[in-house]
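Residue numbering for the sequence shown follows my numbering, starting at 22 and increasing by one per position. Think of the CB as a built atom: it goes at the ideal place given N, C-alpha and C, for glycine as much as any other residue.
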Amino acid sequence: VVANIILPEIVKLGFKNRGVKDGSRLFVINRTKMPAILIECAFCDSPKDMGNYDTDKMAEAIFMGVCKAFNVEVPKSDTSAVYYTVVKGDTLWAISRRYNVSLNYIVALNGIKVASVIDIGQKIRIK
């Protein structure tokens with residue numbers, strides 16, 4: 022079952038393994054005409070879940086699980102770091118859009134305390 026292969030990838034992110042449930046009585050699953058799974062990525066009333074929740078990492082975990090489930094080879098990613106030097110007028114949001122990464126990812130990767138404060142000449146790791 023695809024869900025049983027995706028679940029361990031999500032657990033690797035630090036989420037509790039709550040198991041795979043039978044969702045056949047759920048409207049969204051019951052009414053679809055093709056195979057489907059519904060993934061509850063985090064419990065919004067759980068501070069621990071919300072502290073772990075990162076949309077990019079969750080999407081990557083689901084992607085990896087789907088690839089494993091269907092024996093799709095995942096291309097090896099380039100592990101070399103990418104840096105950007107801040108110039109006048111830059112914002113972290115604009116930099117994140119330019120490199121197609123989330124603002125939260127850049128903030129976390131660089132240990133930035135206040136996302137609205139960056140300095141000209143500052144080197145920011147992008148990937």
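Residue nearest to residue i in terms of C-alpha spacing, selected from the options
| i | options | result |
| --- | --- | --- |
| Thr76 | Ala129, Phe48, Val95 | Ala129 |
| Ile145 | Ser123, Glu94, Leu113 | Leu113 |
| Ile26 | Val49, Ala90, Lys148, Gly132 | Ala90 |
| Asp66 | Tyr74, Ile141, Ile60 | Tyr74 |
| Ala24 | Phe36, Ile60, Pro68, Ser117 | Ile60 |
| Gly44 | Lys37, Ile58, Asn38 | Ile58 |
| Asp111 | Gly142, Ile133, Val95 | Gly142 |
| Asn121 | Arg39, Lys148, Lys42 | Lys148 |
| Val41 | Lys109, Cys88, Val22, Glu94 | Val22 |
| Pro68 | Val135, Ala115, Phe36, Ser101 | Phe36 |
Pairwise C-alpha distance: residue j and residue i
| i | j | result |
| --- | --- | --- |
| Arg52 | Arg119 | 39 Å |
| Val103 | Leu34 | 23 Å |
| Cys62 | Ser137 | 28 Å |
| Gly72 | Met79 | 13 Å |
| Pro56 | Ile139 | 47 Å |
Secondary structure of residue i, DSSP reduced to three states
| i | result |
| --- | --- |
| Arg118 | helix |
| Tyr74 | coil |
| Lys89 | helix |
| Lys97 | coil |
| Ile133 | coil |
Other residues of its chain near residue i: CB distance less than 8 Å, five sequence neighbours each side excluded
| i | result |
| --- | --- |
| Ala82 | Ile27, Glu30, Ile31, Lys33, Leu34 |
| Asn131 | Ile145, Arg146 |
| Ser117 | Ser123, Leu124, Tyr126, Ile127 |
Start and end residues, beta strand (DSSP E) containing residue i
| i | result |
| --- | --- |
| Ile145 | 144–146 |
| Thr106 | 104–106 |
6 Å Cβ shell around residue i - same chain, five flanking residues per side excluded
| i | result |
| --- | --- |
| Thr106 | Lys144 |
Opening and closing residue of the alpha helix (DSSP H) in which residue i lies
| i | result |
| --- | --- |
| Ala24 | 23–32 |
| Val138 | From DSSP, Val138 is part of no alpha helix (DSSP H); its letter is neither H nor E. |
| Phe48 | 48–51 |
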